[in-house]
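Counting the sequence shown from 1 gives a position; the working numbering is that position plus 56. Glycine included, each C-beta is placed from N, C-alpha and C at the ideal position. Predicted model only: the values in this text are computed from it and were never measured. Here's the structure, in structure tokens; my notes come after.
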Amino acid sequence: MNRTLPAYGWLDGTLVPWDECVLHARSAGALWGATVFEGIRSYSSARQQDCALFRLDDHLSRLHRSARGAGLSVAYSDAELAGACAQLLRANGFTGDAHLTATVYAGLSDSLDPMDPGTPCGVHITAIATPPSRRDGVDVCVSSWRRINSDSMPPLIKAGGNYQNSRLAQSEAQRNGYDTALLVNNRGTVAEGPGSCFAALIDGELVSPPVTAGALDGITLDSICQLARTEFGVPVVRREVDRGELYGVQEAFLSGTMHGVMPIKSVDRVPVGDGKPGPLTEKLATLYEQAVRDHPAYGHWRTPLAELAPPVPVSAGEAR
Ligand code: PMP
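Next comes the structure, spelled out in structure tokens:
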């Protein structure tokens with residue numbers, strides 16, 4: 057797919073041309089994946105003329121938790137990072153749906169040793185237009201790769217290096233003709249997808265694995281669970297999900313910032329329900345779409361761009 061590249065990225069406090077939003081090849085961030093990051097969505101709204109960032113405060117809190125866990129320092133306040141996101145969207149002329157990544161990275165120390173405790177840290181932020189979500193559903197397999205665990209690489213820390221595990225699972229799944237994968241943990245219970253949380257409708261309850269099973273504390277999943285409980289009266293349960301349960305669930309879906317709700321049609325070619333997106337999943341996906349854009353009851357989840365930065369496009373000359 058040919059994509060139009062955005063004009064700018066944001067690197068260590070300033071807007072820079074897209075091609076200059078780069079780390080040195082020998083930096084710990086680029087060489088070892090010594091980064092933590094957040095994927096954040098901005099959504100347009102038919103009612104509001106501008107776009108809004110979804111659950112921005114929660115994403116920035118998780119970024120700080122990840123950075124603490126990974127021993128990386130963040131030189132910017134939440135307000136500064138939020139302002140930077142808005143500045144970047146404005147500069148690139150995004151008024152519609154976009155996906156941002158805000159990344160704290162370990163740079164290049166004077167000793168050139170990526171283990172150096174004095175390695176300086178920085179932040180880069182980029183934004184790209186988003187492809188439409190897979191509302192039609194996905195076919196998944198259970199990966200032969202196990203999810204990393206807190207003995208070695210805590211999955212709760214959203215670290216760049218953790219995604220090597222996700223990549224292995226995703227590429228194995230696609231090689232074998234599936235859309236994506238589910239990873240089980242070292243106990244053999246379900247953890248999550250390569251970049252998304254897992255939930256299933258089991259005996260009338262919306263069940264999802266706890267973080268102790270190797271799942272990220274997903275912000276999308278939390279939103280969906282709140283919608284399921286308050287809008288549809290569906291009980292929400294966090295518990296381990298045995299692999300064997302996967303083949304008998306009524307409905308299942310993956311959730312994440314990038315794609316929202318992705319219904320699961322089959323697991324290991326065994327249809328979930330009747331092999332189509334389930335009715336509760338569809339209702340939740342639709343309501344989530346409204347909540348991220350303009351549902352009046354969920355305004356507290358949205359930060360309009362106008363609250364963060366004035367709508368003034370930045371010219372190329374001002375970007376450096
Ligand atoms: N697990 C992993 C490994 C992820 O990368 C993501 C995407 N951030 C998720 C789960 C879903 O989390 P969220 O809903 O907060 O995006």
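- When only Cα atoms are considered, V317 and R203 end up about 21 Å apart.
- L277 has its Cβ nearer than 7 Å to a heavy atom of the ligand PMP.
- Here the segment 306 to 316 lies against the segment 245 to 259, with 3 or more beta-carbon pairs under 8 Å apart.
- With fewer than 16 other Cβ atoms from the protein chains shown falling within 10 Å of its own Cβ, F288 counts as exposed.
- Between Y161 and G69, the CB-CB gap reaches or exceeds 8 Å.
- Put simply, of K332, A362, L336 and R111 the residue whose alpha carbon is nearest the alpha carbon of D192 is K332.
- For C253, the shortest C-beta to heavy atom distance toward the ligand PMP is below 7 Å.
- Buried is the label assigned to Y64, since at least 16 other Cβ atoms lie within 10 Å of its Cβ.
- For the pair R111 and S264, the Cα-to-Cα distance works out to about 20 Å.
- For L79, the closest alpha carbon among the candidates S165, L283, T186 and N218 is that of S165.
- Here the distance from the Cβ of G274 to the nearest heavy atom of the ligand PMP is below 7 Å.
- Counting the other Cβ atoms within 10 Å of the Cβ of H315 gives 16 or more, which makes it buried.
- For T313, the CB falls within less than 7 Å of some heavy atom of the ligand PMP.
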